[in-house]
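The structure appears right after this line, and notes come after that.
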Amino acid sequence: MTKNDKKQQSKRRSPAMWLVGLMKPYAHKILFSTLLIVLANLADLTKPRIYAIIIDDFLKNGGNPDGNFITSSLTNLGISYFAVIFVSAVCSLWQSRIITRICQKILHETRMKLFDRIHRMKLKDLDEMGSGRLLTRATNDVEALDEFYGDVLSGLFRDVILLAGIIYMMLSMNVRLALAGFAALPVIAAITLLCRGALKRNFTKMKAIIGKINGFIAESLSGICVIRSFSREKEKCEQLYKLDRDYRKTTMFQVLINGIMRPIMEVVNSAAIVLVLISGFRLAGIDTSFAEAGVLVAMTTYIKQFFQPINDLAEKYNTVQSSLVSADRIKTLLDRDGDLEYEDESAYAAPMRGDIEFRNVYFAYSGEDWVLKNVTFHVKPGERAAFVGATGAGKTTIISLLSRFYTVQRGEILIDGVNVNDWRLSSLRSQIGVVLQDVFLFVGTIGDNVRIHAPISDAEVEEALRVSRADTFVSRLPGGINHMVSERGATFSTGERQLISFARAIAHKPAILVLDEATANIDSGTEALIQESINTISQGKTAVFIAHRLSTIQNSDCIYYLEHGEIKEQGTHDALMRKNGLYAALVRAGDEQK
Ligand SMILES: Nc1ncnc2c1ncn2[C@@H]1O[C@H](COP(=O)(O)OP(=O)(O)OP(=O)(O)O)[C@@H](O)[C@H]1O
Ligand SMILES: [Mg+2]
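Here it is as structure tokens:
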């Protein structure tokens, strides 16, 4: 069977089979723990038998006339009873330790796989799924698997084996009484089946609402300043209240089903005991040889024990249903390998010269809604190109395509004459230094934020900060490059954040430097400094600038004017000014504003 066939087969598997499949590497340990369960159960099952012997042989018959024998046998039975309790306790503890460890390992592996999958997903799919749903997969859904393994591995095996043992013990003691006790089974099966569909639908609903709640809270936290500045806290709370109300309703339904099931089970349990007792008395009436009170006591104890795992199984059925819904969602995410980004070791990788060429590129984020139309340009190594145009014209999109964040539908993008689709992703991206429009800083030190886990020395970090002029404020911070950055860099100004991300791009020594609006939020003094450093660092590098401040791009080798995804004008600043077209109008509009 090929690797592909195996993948297809795994995709077709039901969520339950998939979960069972994850246990495969631990089969020998699970087998051992099952053995421990059997031992513990055997010990538990022996207890009622000991009662029966005590009642029937000693209490009822008055024991053996030999008093010494009674004492010694009773002592032995007592010792056996405690031994049984001890064996049961040790085996249960050992088994639960093994299972918990396996369970935690499976959860850890699943969470890591999910995180890896999320990192490989195409940006388009990430945008579509939304952070709330992905967050729920990696947190709540993985936790729900914990319940599955916890319940199934330690509970289900134990219950099933216990049930089998009880059935055997009951049948071996008295077949007629045992069958009277089992009469309740079809009723239990009917109740469970009846609730099944409703429970599953409710769980699916519940998980979807949890995803929405997670997404809503995460989004509200990111936008908390907007909410406060427009005083919309009350409205946001109301929105959450509605979501939470739906969640409450689904939970209440769950509690209702449980609440109905439990007393019904108890009634069925009592009915089974009554049935066994009535059968026992009738049997005693017909069959004079049957006068064993001990057997009746043991039988009723077994019936009680019998219903314990059945009750447990019915309750577990709930959690298992919930886990299966989560498993299905996780599996769907893990199975989507066709549209993932993979590092192809055999793909092209080489030091970049920095030759960029777009050939008749058409691109749409969805369908045929073209954001770029027939875009063609060529930036030679060491040249500086600049893109200008109104908001939404498609400037950032061009950059995203260069790093292959999205794939073009028509045309070609070549870097050093090689289609970006044929480049090894890590080689392509690591050689393009991008300063994005929306700067993102991680929790960690300033040094960590410049490095982002790359092997870059402190001296190189400091050099990058100096070149980007970020050292002007970093040197004033306590700890310098070891100063801690809070979540999203909230304690820095937008300009400062841009300077750090500028240093980040420089420190990685890229062949192509891409700056998207990099200087938009910096005061004119800093802008002049940055302009100076850009001139130094972009020496010998291809640079692509996107700027609304046209003064920063005037010395570019070529300026492209983009309108609705089409290049309308191109040339040097002087040539475009002479042409007196769209670019010249933009420059004049900018001058008037000043
Ligand atoms: N992730 C996305 N999914 C769908 N559509 C998008 C996405 N990003 C951008 N767009 C759309 O593509 C078009 C071009 O966007 P782009 O971000 O490239 O514009 P821009 O020229 O960089 O604008 P600005 O000057 O405001 O940064 C816009 O109409 C925008 O709505
Ligand atoms: Mg943009």
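If you want the numbering used here, it's the position in the sequence shown, counting the first as 1, plus 6.
The beta carbon of each residue, even a glycine, is placed where N, CA and C say it ideally should be.
The structure presented is a predicted model; accordingly, all values stated were derived computationally and were not measured.
Are there any heavy atoms of ligand 1 lying less than 7 Å away from the beta-carbon of residue i, as far as the coordinates show?
i: alanine 399; result: yes
i: tyrosine 567; result: no
i: valine 26; result: no
i: tyrosine 32; result: no
i: valine 377; result: yes
i: glycine 485; result: no
i: tyrosine 348; result: no
i: tyrosine 371; result: yes
i: glycine 596; result: no
i: aspartate 133; result: yes
i: glycine 395; result: yes
Nearer than 7 Å: is that true of the beta carbon of residue i relative to any heavy atom of ligand 2?
i: threonine 578; result: no
i: glutamine 327; result: no
i: aspartate 522; result: yes
i: glutamine 504; result: no
i: glutamine 443; result: yes
i: threonine 500; result: no
i: threonine 402; result: yes
Express the C-alpha separation of residue j and residue i in angstroms, rounding to a whole number.
i: valine 2; j: glutamate 115; result: The requested residue 2 is not part of the displayed model; the chain covers only 7 to 600.
i: isoleucine 543; j: aspartate 345; result: 37 Å
i: proline 71; j: aspartate 62; result: Unreliable placement is indicated for proline 71, whose pLDDT of 46 sits below 50; the coordinate value is still reported in the next sentence. C-alpha separation (whole angstroms): 15 Å.
i: arginine 584; j: alanine 590; result: 8 Å
i: isoleucine 167; j: phenylalanine 259; result: 31 Å
i: alanine 297; j: cysteine 201; result: Note that alanine 297 scores 48 on pLDDT, short of 50, meaning its location in the model is unreliable and no value can be drawn from it.
i: glutamate 347; j: tyrosine 368; result: 21 Å
i: threonine 382; j: arginine 365; result: 5 Å
i: valine 593; j: leucine 483; result: 38 Å
i: leucine 120; j: arginine 410; result: 22 Å
i: isoleucine 230; j: glutamine 504; result: 21 Å
i: leucine 281; j: isoleucine 263; result: 27 Å
i: serine 178; j: leucine 185; result: 11 Å
i: aspartate 131; j: glutamate 523; result: 26 Å
Start and end of the beta strand (DSSP E) containing residue i?
i: threonine 382; result: 376 to 385
i: valine 550; result: 548 to 552
i: tyrosine 371; result: Careful: tyrosine 371 lies outside any beta strand (DSSP E) and carries neither H nor E.
i: phenylalanine 393; result: 390 to 395
i: isoleucine 438; result: 438 to 441
i: valine 520; result: 518 to 522
i: tyrosine 566; result: 564 to 569
i: isoleucine 233; result: Isoleucine 233 -> not in any beta strand (DSSP E); alpha helix (DSSP H) instead, spanning 230 to 235.
i: glycine 417; result: 416 to 421
Could you tell me which of the options sits nearest to residue i, measuring between CA atoms?
i: phenylalanine 287; options: Val303, Glu389, Pro31; result: Val303
i: lysine 111; options: Asp50, Lys30, Asp131; result: Lys30
i: histidine 579; options: Ala391, Glu468, Asn208, Val473; result: Ala391
i: tryptophan 100; options: Ile36, Thr403, Arg238; result: Ile36
i: isoleucine 316; options: Asn275, Val331, Glu351; result: Asn275
i: leucine 183; options: Ile279, Asp152, Leu169, Asn455; result: Ile279
i: methionine 118; options: Leu339, Ile462, Glu469; result: Leu339
i: leucine 162; options: Thr40, Lys128, Gly495; result: Thr40
i: glutamine 245; options: Pro461, Phe38, Arg107, Gly221; result: Gly221
i: asparagine 180; options: Lys242, Gly300, Ser102; result: Gly300
i: alanine 509; options: Ile540, Leu588, Asp252; result: Ile540
i: arginine 251; options: Val193, Leu262, Met212, Lys240; result: Met212
i: tyrosine 354; options: Ser228, Val424, Ile266; result: Val424
i: valine 93; options: Ile336, Cys109, Leu42, Ala196; result: Leu42
Give the range of the alpha helix (DSSP H) segment to which residue i is assigned.
i: lysine 401; result: 401 to 408
i: leucine 151; result: 148 to 155
i: glutamine 504; result: 500 to 513
i: glutamate 134; result: 129 to 135
i: lysine 585; result: 579 to 585
i: glycine 453; result: 452 to 457
i: histidine 34; result: 33 to 59
i: methionine 23; result: 21 to 28
i: serine 178; result: 163 to 179
i: glutamate 466; result: 464 to 473
i: threonine 478; result: 477 to 480
For residue i, decide whether its Cβ has a neighbour in chain D, counting only Cβ atoms nearer than 8 Å.
i: aspartate 350; result: Within the model displayed, chain D is absent; a lone protein chain is all it includes.
With respect to 7 Å, is the separation between the Cβ of residue i and the closest non-hydrogen atom of ligand 4 below this value?
i: glutamine 260; result: For ligand 4, the structure offers nothing, since it holds only ligand 1 and ligand 2.
- Evaluate contact between the stretch 368 to 376 and the stretch 184 to 194, counting only Cβ atoms and requiring at least three cross-stretch pairs below 8 Å. no
- Query: Between the stretch 46 to 64 and the stretch 305 to 316, are three or more C-beta pairs nearer than 8 Å?
  - Reply: yes
- Task: Pair every Cβ in the stretch 79 to 94 with every Cβ in the stretch 317 to 329, then say whether three or more of these pairs are closer than 8 Å.
- Result: no
- Message: Would the stretch 391 to 410 count as touching the stretch 552 to 561 if we require 3 or more Cβ pairs under 8 Å?
- Response: yes
- Task: Tell me, please, whether the stretch 510 to 519 touches the stretch 422 to 441 by the rule of three or more beta-carbon pairs shorter than 8 Å.
- Result: yes
- Message: When you compare the stretch 410 to 421 with the stretch 565 to 578, are there three or more beta-carbon pairs, one atom per stretch, that lie closer than 8 Å?
- Response: no
- Message: Pairs of beta-carbons, one from the stretch 212 to 232 and one from the stretch 123 to 140, closer than 8 Å: are there three or more?
- Response: yes
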